[in-house]
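**Q**
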Amino acid sequence: MSLTRPPLTIGIEEEYFVVDPMTRDLVADLPESLQVALEHPPVGGTSPEFIRSQVEIGTPVAATMAEVDDYLRTMRRFVSDTVREAGLEIISASTHPFADWSRQRHTDKERYNVLEQALQGVVRRLLICGMHVHVGIDDPDLRVELMNQVTYFLPHLLAISGSSPFWHGEDTGLKSYRTAVFRSMPRTGLPDEFTSWSDYEAHVEMLVGTGVIEDASKLWWDVRPS
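Residue numbers (numbering that gives the first Met the number 0): 0 to 225.
1) Rounded C-beta distance between T58 and L71? I'm assuming under 8 angstroms.
2) Might you give, ordered along the chain, the residues of its own chain that have their beta carbon closer than 8 angstroms to the beta carbon of P190, omitting 5 neighbours on each side?
3) Which residue wins for smallest C-alpha separation from E169, given the options H39, R76, F97?
4) At which residues does the beta strand (DSSP E) containing L232 begin and terminate?
5) My understanding is that H105 touches R177, with C-beta atoms under 8 angstroms, so please give their C-beta distance in whole angstroms.
6) Could you name the residues of the same chain whose beta carbon sits closer than 6 angstroms to that of F165, not counting the 5 residues immediately before and after it, in chain order?
7) For the beta strand (DSSP E) that Q53 lies in, which residues bound it at each end?
8) Going by C-alpha to C-alpha distance, which of F16, V82, K174 sits closest to T38?
9) Grab me the residues of H131's own chain with a C-beta within less than 6 angstroms of its C-beta, minus the 5 sequence neighbours each way, in chain order.
10) Hey, P41 and T8 are a contact pair by Cβ (cut 8 angstroms); roughly how many whole angstroms apart?
11) Please name the residue, chosen from A215, L118, E48, that lies closest to P185 on a Cα-to-Cα basis.
12) Can you check which of these residues, R124, S175, D137, is closest to S160 by C-alpha distance?
13) If we ignore side chains and look at the alpha-carbon of each, how far apart do R124 and V180 end up?
14) Please look up how many angstroms separate the CB atoms of E48 and E14, rounded, as I've assumed it's under 8 angstroms.
15) Does DSSP put D138 in a helix, a strand or coil?
16) Note the first and the last residue of the continuous alpha helix (DSSP H) segment covering P154.
17) With distance defined between alpha-carbon atoms, name the residue in V78, S93, T94 nearest to L87.
18) Within its chain, find whatever has a CB closer than 6 angstroms to the CB of L114; leave out the 5 residues flanking it on each side and keep chain order.
19) Using a 10 Å radius around the Cβ and a threshold of 16 neighbouring Cβ atoms, would you call A201 buried or exposed?
20) From what residue to what residue does the beta strand (DSSP E) around E88 run?
21) Going by other Cβ atoms of all chains shown within 10 Å of its Cβ, with 16 needed for buried, is I56 buried or exposed?
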């Protein structure tokens with residue numbers, strides 16, 4: 000029996016820290032001219048993150064890994080060159096080795112203001128970066144089935160990708176201290192197992208109906224089907 004591969008698309012987001020090249024410390028407030036310059040990448044898009052010393056890129060939707068790889072290389076080069084022209088540098092790391100989260104400022108946007116008001120000190124210490132992979136699959140039930148399957152492999156993926164042993168100038172003894180920081184947020188970690196898309200939707204509707212979340216985007220699991 001031949002198996003037909005379902006059509007899918009892929010897009011990737013990456014977050015970077017902006018640092019002073021002399022001190023290597025975070026730049027707590029990016030110059031406005033740099034923020035404007037970063038708004039015009041050759042492909043995809045860039046956006047500020049919750050912490051003002053961070054920059055996020057997002058590739059266009061791609062049909063193949065080769066295509067998304069080209070997008071990533073182009074966007075990484077653009078961000079690096081643009082930040083360097085402003086006399087600064089970027090680093091790609093899950094945590095900054097010694098930066099103090101209490102000295103950072105959050106971006107003044109409605110969604111971030113709401114987030115800061117709701118989670119207070121928990122979100123203010125979220126001085127972490129990451130890569131987010133978006134896989135587009137049309138069949139919602141298949142998305143849920145794949146989420147159930149891939150959950151088994153997430154600890155393995157974490158074990159080979161840990162890149163954040165340092166926090167506040169100390170060796171934490173963990174390979175991925177980013178994970179420990181992010182776990183302080185609600186609704187994180189591995190998702191529950193769902194039998195179908197309707198089962199997942201019912202779970203989301205229950206959380207929305209009881210006022211826990213506004214929508215599914217407030218589920219910060221390691222993998223999510225929407």
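From the three backbone atoms N, C-alpha and C, an ideal C-beta is built for every residue, glycine too.
Given the structure is predicted, the values throughout are model-derived calculations rather than measurements.
**A** The answer reads as follows:
1) For the purposes of this step, residue 58 is taken as residue 59 along the sequence shown, with counting starting at 1. For the purposes of this step, residue 71 is taken as residue 72 along the sequence shown, with counting starting at 1. Indeed they touch by this definition, with Cβ atoms about 6 angstroms apart.
2) In the sequence shown, residue 190 corresponds to position 191, counting from 1. Excluding residues within five positions, the ones whose Cβ falls inside 8 angstroms are M146, T150, L218, W220, D221, V222, R223.
3) Against the sequence shown, residue 169 aligns to sequence position 170. Closest option to E169, Cα to Cα, is F97.
4) An answer regarding residue 232 cannot be provided, because it is not within the stretch 0 to 225 covered by the chain.
5) Locating residue 105 in the sequence shown gives position 106, where the first residue counts as 1. Locating residue 177 in the sequence shown gives position 178, where the first residue counts as 1. Between R177 and H105 the Cβ distance is about 18 angstroms, and since that is not below 8 angstroms, they are no contact.
6) Taking the first residue of the sequence shown as position 1, residue 165 is located at position 166. Answer for F165: P96, listed in chain order.
7) As a working note, residue 53 is residue 54 in the sequence shown. Note, Q53: beta strand (DSSP E), 53 to 57.
8) Sequence index remark: in the sequence shown, residue 38 carries index 39 (1-based). The amino acid occupying residue 38 in the given sequence is Glu; Thr does not appear at that position. The shortest C-alpha separation from E38 is found at V82.
9) Counting from one through the sequence shown, the residue named residue 131 turns up at place 132. Taken in chain order, the residues that qualify are E12.
10) Translated into the one-based positions of the sequence shown, residue 41 becomes position 42. Translated into the one-based positions of the sequence shown, residue 8 becomes position 9. Their Cβ separation, rounded to whole angstroms, is 20 angstroms, which puts P41 and T8 out of contact at 8 angstroms.
11) Sequence index remark: in the sequence shown, residue 185 carries index 186 (1-based). Checked all of A215, L118, E48; the closest Cα to P185 is L118.
12) Translated into the one-based positions of the sequence shown, residue 160 becomes position 161. Closest option to S160, Cα to Cα, is S175.
13) By one-based count along the sequence shown, residue 124 stands at place 125. By one-based count along the sequence shown, residue 180 stands at place 181. When rounded, the distance between both Cα atoms is 8 angstroms.
14) Counting from one through the sequence shown, the residue named residue 48 turns up at place 49. Counting from one through the sequence shown, the residue named residue 14 turns up at place 15. Yes, E48 and E14 are in contact; Cβ-Cβ is about 6 angstroms, under 8 angstroms.
15) Within the sequence shown, the letter at position 139 stands for residue 138. Correct three-state label for D138: coil.
16) Start at 1 with the first residue of the sequence shown, and residue 154 comes out as number 155. Start and end: 153 to 160.
17) For the purposes of this step, residue 87 is taken as the residue at position 88 of the sequence shown. Cα-wise, what sits closest to L87 is V78.
18) Residue mapping note: residue 114 aligns to position 115 of the sequence shown, counting from 1. Answer for L114: V122, listed in chain order.
19) Translated into the one-based positions of the sequence shown, residue 201 becomes position 202. Under this definition A201 is an exposed residue.
20) Position 89 of the sequence shown, counted from the start, is the residue given in the question as residue 88. It spans 88 to 90 - the beta strand (DSSP E) in which E88 sits, taken as one unbroken run.
21) Counting from 1 along the sequence shown, the entry for residue 56 is found at position 57. Answer is buried; the Cβ neighbour count reaches 16.
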